[in-house]
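Reading through the structure tokens given below for one structure.
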Amino acid sequence: MSFAEVAANWRPEPETTQDEIDRRPAETFAAILDQPVPDELPPLWHWFSFQPIHRQSALGEDGHPADAAFTPPLENRRRMFGGGRLTVHRQLTFGQAVRRQASLKSVRVKQGSTGQLLLVTVKYDFLVGDQTYAVEEQDIIYRDAADMAARPQPAAEASHRGPWRLEIRPDPVLLFRFSALTNNAHRIHYDQPYTTEVEGHPGLVVHGPLLALLLLELPRRDGRRVTEFSWRAKRTLYDHQLVTVSGQPMGDTVELSAGAAGAPDAVTGIATLRKDEE
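Note that the working numbering has the sequence shown beginning at -12, numbered continuously upward.
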């Protein structure tokens, strides 16, 4: 199917899954960050639950499932994490049985600088009993493999700013551990020959979800709770780059960004902080 045909005709059915929020994955991610284990589940750490399990024979050349829920029927596709939004109504806690309802919110075609893009937005509702605890939307971008080699990195000035800061070097060991934690077999995060020779990247790619989680580390380490969060990926970061994460508090919000040291932002976000903690 072409991009236009997928946008016009592809409508996957909603999917409901259930999982218990296990403390063990949170312990693993805290160890990856060299941080203490949190007492409660931080925003977006639910990504370590609800992990799909696919047979090895069901994976495509790039390590992604060839055919899965909310994966569009496109040949020679390349997948990128574009961003998302999160609203927290109630705090998820360890040991809770949580039901996740997933549904396609939108699918559309956009003309990029090197070819067509298919933008897929999936909505996730997280419920405990009949109460909604959180609502998340993920934006996933698909493009044709032939367009990847010519993709430009948009020009921009370095803009990391704010008193909240941390630095992290996403070396191959860290990227491998995060891939294992999230059950992500996408080869661009751990397979150097495939990443450079097939997909044309200059190094292993830092996961978009990892960067989003690093943005949220700034308010978390300052003892602030986040009620809303939106983020957008702008350019790719690689394992040989030192990543600077920064935050600028502004009342009940904080502007967040991450990028290579001295380079333009790779991902930006805005978090709304709980007002009774100001």
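Just so it is clear, CB atoms sit at the ideal spot from N, CA and C, and this is done for glycine as well.
Item: Out of Gly246, Val185, Met237 and Pro236, point me to the one whose CA is closest to His194's CA.; Value: Gly246
Item: What residue range does the alpha helix (DSSP H) around Val(-7) cover?; Value: Phe(-10) to Asn(-4)
Item: With 16 other CB atoms within 10 Å as the buried threshold, where does Asp117 fall?; Value: exposed
Item: Under the three-state reduction of DSSP, which class applies to Arg174: helix, strand or coil?; Value: helix
Item: Do you know how far the Cα of Leu91 is from the Cα of Pro(-1)?; Value: 7 Å
Item: Helix, strand or coil, according to DSSP, for Lys221 in the structure here?; Value: coil
Item: Hey, out of Ala17, Ala(-9) and Leu260, whose CA is closest to Leu161's CA?; Value: Ala17
Item: Considering only the alpha carbon of each residue, which of Gln228, Glu27 and Asp178 lies closest to Ile155?; Value: Gln228
Item: Let me confirm a value: Gly70 is counted as buried when at least 16 other C-beta atoms fall within 10 Å, else exposed. Which label applies?; Value: buried
Item: Looking at C-alpha atoms only, which residue of Gly249, Thr240 and Asp252 is the closest neighbour of Ala258?; Value: Thr240
Item: What would DSSP say about Ile19, mapped onto helix, strand or coil?; Value: helix
Item: Please look up how many angstroms separate the CB atoms of Ala220 and Phe68, rounded, as I've assumed it's under 8 Å.; Value: 6 Å
Item: Roughly how many whole angstroms lie between the Cα atoms of Gln125 and Lys110?; Value: 7 Å
Item: Quick check on the DSSP output: the beta strand (DSSP E) that includes Phe68 runs from which residue to which?; Value: Arg64 to Val75
Item: CB-CB under 7 Å to Val24, same chain, minus the five flanking residues each way: which ones, in chain order?; Value: Ala13, Glu14 and Ala17
Item: So which of Gly50, Leu168, Leu61 and Pro52 has the shortest CA-CA distance to Met(-12)?; Value: Leu61
Item: DSSP puts Asp252 in a beta bridge; with which residues?; Value: Gly246
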